[in-house]
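Participant: To convert a position in the sequence shown, counted from 1, into the working numbering, add 41. Please find one structure pasted underneath; my questions will follow.
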Amino acid sequence: MSNGMPEVKTPIFAANWKMNSGPTESRAFMRTFLARYARRPDRTVMFFPPALSLAAVRDSLKERADILVGVQNIHWEAKGAFTGENSAPIAKDAGATHALVGHSERRHVFGETDEQTAKKVAAAIGAGLFPMLCVGEKLDERERGETERVCVRQLRAGLSTLSNAQVATVIIAYEPVWAIGTGRTATPADASAVHVAIRAELRSIAGEHGGRLPILYGGSVNAQNVRALLDAEGVDGVLVGGASLDAEGWATIVRS
Ligand code: PEP
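Structure below.
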């Protein structure tokens, strides 16, 4: 560990449960999952459960410090009159190490702006949480040939308040919006092309610090397509929604 940063080995297998699985279901999931996934030093597994299930997931992990837990969203303020929100210090106190920021559902369902993602990234780092910044284009943007432009804009905005050393603590997830929850996955070649462009941009933002960030792919990843995506150049892991909700299926994916 350095700067309190948990050791993260690639490939990273990150589960985003979205608004699924309360504490009871989460405990049952972890019992099944832990029986099927023995600690492996060559990869990192992370869970992003709903905030109310975080304690259940953490408690279930007991001595499995190899598995990390994060929150799906944070507010940029540390505390105050923001009914319904959770802050980075609260998430950290509850046992989270990571926070998703700028997930496409936050951007496109809840109207989160680039400016807000920047404030959330800064808030996470300020509280000692490690952000996983999600970027990705919508279908019409892809069809207009704007994929790279959109991802670069979201990256530049999201990382805009950070020093190069702080950028080095971020994980990036490339999640084309048209592939999330749709069953339509980017081909390994398409994913790779964007990952390579993102890495080049990260280098230009933060030099060698930027060049080393893990870049995950997300969007309808499942047990059938995960290996080919992980083998694609520039893909350092996967962020998985729907296919992470079944404990046996998720264990199969993380053992890929
Ligand atoms: C996600 O929620 O980040 C995601 C990639 O969802 P899905 O795997 O269901 O497409």
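Virtual Cβ for every residue (Gly too), placed ideally from N, Cα, C.
Where are the beta strand (DSSP E) runs, 3 residues long or more, that stay fully inside the region 92-147, in chain order?
Facilitator: Listed in chain order, they are 108-112 and 139-142.
Participant: Say whether the region 112-121 touches the region 174-187, bearing in mind that this needs 3 or more beta-carbon pairs closer than 8 Å, one atom from each stretch.
Facilitator: Flag = no, the region 112-121 and the region 174-187 do not touch.
Participant: Using 8 Å as the threshold, is the C-beta distance between SER62 and PHE70 below it?
Facilitator: Position 21 of the sequence shown, counted from the start, is the residue given in the question as residue 62. Position 29 of the sequence shown, counted from the start, is the residue given in the question as residue 70. Yes, these two residues count as a Cβ contact at 8 Å.
Participant: Run through DSSP, which three-state label would MET87 get?
Facilitator: Start at 1 with the first residue of the sequence shown, and residue 87 comes out as number 46. Three-state DSSP puts MET87 in a strand.
Participant: Quick one: what does DSSP say MET71 is sitting in, helix, strand or coil?
Facilitator: The residue labelled residue 71 in the question sits at position 30 within the sequence shown. Of the three classes helix, strand and coil, the one that applies to MET71 here is helix, per DSSP.
Participant: Just to confirm, are ALA129 and GLY167 a CB contact at a threshold of 8 Å?
Facilitator: On the sequence shown, residue 129 is found 88 positions in, with the first residue counted as 1. On the sequence shown, residue 167 is found 126 positions in, with the first residue counted as 1. Yes.
Participant: I want to check one thing, is the minimum distance from the CB of SER261 to the heavy atoms of the ligand PEP below 7 Å?
Facilitator: Within the sequence shown, residue 261 is the residue found at index 220, counting from 1. Under cutoff, so the answer is yes.
Participant: Kindly indicate the opening and closing residues of the alpha helix (DSSP H) around GLY248.
Facilitator: Locating residue 248 in the sequence shown gives position 207, where the first residue counts as 1. Start and end: 229-252.
Participant: First and last residue of the alpha helix (DSSP H) that includes GLY199?
Facilitator: Residue mapping note: residue 199 aligns to position 158 of the sequence shown, counting from 1. First-last of the alpha helix (DSSP H) with GLY199: 188-199.
Participant: Among PRO82, ALA238 and VAL208, which residue has its Cα nearest to the Cα of ARG190?
Facilitator: Here residue 190 refers to the residue found at position 149 when the sequence shown is read from its first residue. Nearest option by C-alpha distance: ALA238.
Participant: Does the distance from the CB of LEU257 to the CB of GLY278 come in under 8 Å?
Facilitator: Here residue 257 corresponds to residue number 216 of the sequence shown, with the count starting at 1. Here residue 278 corresponds to residue number 237 of the sequence shown, with the count starting at 1. Contact flag set, yes.
Participant: When you measure from the CB of GLU216 to every non-hydrogen atom of the ligand PEP, does any distance come out below 7 Å?
Facilitator: Translated into positions along the sequence shown, residue 216 becomes position 175. At least one heavy atom of the ligand PEP is nearer than 7 Å to the Cβ of GLU216, so yes.
Participant: Is the Cβ-Cβ distance between LEU141 and PHE89 less than 8 Å?
Facilitator: By 1-based counting over the sequence shown, the position of residue 141 is 100. By 1-based counting over the sequence shown, the position of residue 89 is 48. Cβ atoms of LEU141 and PHE89: closer than 8 Å.
Participant: Drop a sphere of 10 angstroms on the beta-carbon of ARG240, count the other beta-carbons inside from all chains shown, and report buried for 16 or more, exposed for fewer.
Facilitator: Counted from its first residue, the sequence shown places residue 240 at position 199. So ARG240 counts as buried.
Participant: Given 7 Å as the limit, tell me if HIS149 has its C-beta closer than that to any heavy atom belonging to the ligand PEP.
Facilitator: Numbered from 1 along the sequence shown, position 108 holds the residue referred to as residue 149. No - the ligand PEP has no heavy atom lying nearer than 7 Å to the Cβ of HIS149.
Participant: Tell me whether MET167, by its Cβ, gets closer than 7 Å to a heavy atom of the ligand PEP.
Facilitator: Within the sequence shown, the letter at position 126 stands for residue 167. In the sequence as displayed, the identity of residue 167 is Gly instead of Met. Because no heavy atom of the ligand PEP lies under 7 Å away, the Cβ of GLY167 does not count as near it: no.
Participant: With ILE294 and ALA264 assumed to form a contact (beta carbons below 8 Å), what rounded beta-carbon distance in angstroms separates them?
Facilitator: Locating residue 294 in the sequence shown gives position 253, counting from the first residue. Locating residue 264 in the sequence shown gives position 223, counting from the first residue. That belief holds up - the Cβ atoms of ILE294 and ALA264 are roughly 5 Å apart, short of 8 Å.
Participant: Helix, strand or coil: which one does DSSP assign to VAL295?
Facilitator: Taking the first residue of the sequence shown as 1, we reach residue 295 at position 254. Three-state result, VAL295: helix.
Participant: Assuming the contact rule is C-beta atoms closer than 8 Å, ALA288 and THR73 should be a hit. Round their C-beta distance to whole Å, please.
Facilitator: Residue 288 sits at position 247 when you count from the first residue of the sequence shown. Residue 73 sits at position 32 when you count from the first residue of the sequence shown. With a Cβ gap of about 4 Å, ALA288 and THR73 count as contacting.
Participant: Please give me, in chain order, every unbroken run of the alpha helix (DSSP H) with length at least 4 that falls completely inside the region 266-290.
Facilitator: The qualifying runs are 267-272.
Participant: Which of helix, strand or coil does DSSP assign to PRO172?
Facilitator: Counting from 1 along the sequence shown, the entry for residue 172 is found at position 131. Three-state DSSP puts PRO172 in a strand.
Participant: Taking the beta carbon of LEU280 as the centre, do at least 16 other beta carbons fall within 10 Å, making it buried, or is it exposed?
Facilitator: Position 239 of the sequence shown, counted from the start, is the residue given in the question as residue 280. Buried, because 16 or more other Cβ atoms sit within 10 Å of the Cβ of LEU280.
Participant: Give the DSSP-derived three-state secondary structure of GLY167 in the structure shown.
Facilitator: Position 126 of the sequence shown holds residue 167. Residue state, collapsed to three classes: helix.
Participant: Beta-carbon within less than 6 Å of ARG229's beta-carbon, same chain only, minus the 5 sequence neighbours each way: which residues are those?
Facilitator: Residue numbering aside, residue 229 sits at position 188 when the sequence shown is read from its first letter. The amino acid at residue 229 is misidentified as Arg; the sequence shows Pro. Answer for PRO229: ALA269, LEU270 and ALA273, listed in chain order.
Participant: What residues are listed by DSSP as bridge partners for GLY259?
Facilitator: Reading the sequence shown from its first residue, position 218 is the one you call residue 259. Paired residue(s): LEU280.
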